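Beneath this line is the structure, given in structure tokens, with notes to follow.
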Amino acid sequence: DAKTTQPPSMDCAEGRAANLPCNHSTISGNEYVYWYRQIHSQGPQYIIHGLKNNETNEMASLIITEDRKSSTLILPHATLRDTAVYYCIVMTQGAQKLVFGQGTRLTINP
Amino acid sequence: GAVVSQHPSWVICKSGTSVKIECRSLDFQATTMFWYRQFPKQSLMLMATSNEGSKATYEQGVEKDKFLINHASLTLSTLTVTSAHPEDSSFYICSASVARLAQGRSEKLFFGSGTQLSVL
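Protein chains in written order, with my numbering: chain P, 1 to 110; chain C, 111 to 230.
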């Protein structure tokens with residue numbers, strides 16, 4: 001599976017949009033982009049995933065560049081409860097095990 | 111979304127004892143479950159893949175005799191840390207894979223809430 005690169009940490013003000021980047025320049029055509037987050041001392045929580053089209057759900061939006069070499073997770077109105085480590089993972093369809101990188105530690109400030 | 115229940119949420123044990131951690135899929139059948147461990151301020155590290163009715167597949171460097179995995183049913187996998195030592199103290203997390211979705215859809219994993227193991 002392709003490797004991803006994320007900034008180690010980011011800060012965002014409460015109520016503002018949080019934009020978390022991820023580079024996956026070696027992604028192959030059948031690999032999906034997944035985002036999970038882990039709040040302190042809890043198991044990871046699924047956020048969203050996509051192949052090439054932009055995706056939106058009740059938690060976030062996922063913007064994937066046309067060449068699919070990078071993506072951005074957008075939390076439209078960040079709250080203090082969004083403080084967590086966010087993991088960007090690429091995975092082939094049907095593959096089941098997730099390999100976690102170091103992720104981005106997002107801190108939402110009041 | 112699907113629910114994965116993990117018990118206990120925390121356990122303290124004496125060195126040399128064995129500890130069993132349970133992972134249950136509550137509203138779906140999980141043909142495959144995964145066990146991770148996580149040390150403070152580090153990322154999750156995959157330990158093993160547990161397939162219902164067959165032997166688990168361990169990642170390189172993980173001792174199969176130390177971390178016993180049993181996946182006897184489609185809703186339950188257990189991890190037993192045998193003869194635990196202080197260096198086994200860690201956060202253990204399980205996850206379960208929902209059975210393959212409709213054609214063209216990728217699967218996603220659901221995670222338990224984790225078990226904090228402290229070995230004295």
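Just so you know, even glycine gets a beta-carbon here, dropped at the ideal spot from N, CA and C.
Remember, predicted model here, so these are calculated numbers, not experimental data.
Relative to Gln139 (chain C), the option among C:Ile131, C:Gly126, C:Asn161, C:His195 whose CA is nearest is C:Asn161. Contact residues of the region 134-168 of chain C toward chain P are Thr142, Phe144, Ser153, Leu154, Leu156, Thr159 (C-beta to C-beta distance below 7 Å). Within chain C, the residues placing a beta-carbon under 8 Å from that of Ser41 (chain P) are Phe201, Gly224, Gln226, ordered along the chain. Here Glu197 (chain C) carries a helix assignment [DSSP, helix/strand/coil]. Interface annotation for the region 4-24 of chain P against chain C: empty, criterion Cβ-Cβ distance under 8 Å. Remark: C-beta atoms of Lys218 (chain C) and Tyr86 (chain P) do not approach each other more closely than 8 Å. A straight-line Cα-Cα distance of about 17 Å links Ser205 (chain C) and Gly101 (chain P). Only residues of its own chain outside the window of five on either side were considered, and among them Gln6, Pro7, Met10, Leu20, Tyr86 have a CB closer than 6 Å to the CB of Thr104 (chain P), listed in chain order. By the neighbour-count criterion, in which 16 or more other beta carbons inside 10 Å mark a residue as buried, Ser200 (chain C) falls on the buried side.
For Lys174 (chain C), there are no neighbours in chain P by C-beta distance under 9 Å, as the nearest C-beta there is about 17 Å away.
The alpha-carbon of Leu106 (chain P) is positioned some 14 Å away from that of Thr72 (chain P).
DSSP places Asp11 (chain P) in the strand class (E or B) of the three-state scheme.
In this structure, Ile89 (chain P) sits near Thr4 (chain P), with a CB-CB distance shorter than 8 Å.
Boundaries of the beta strand (DSSP E) around Met143 (chain C): 140-148. With contacts defined as CB atoms closer than 8 Å, Thr188 (chain C) and Glu132 (chain C) qualify as a contacting pair.
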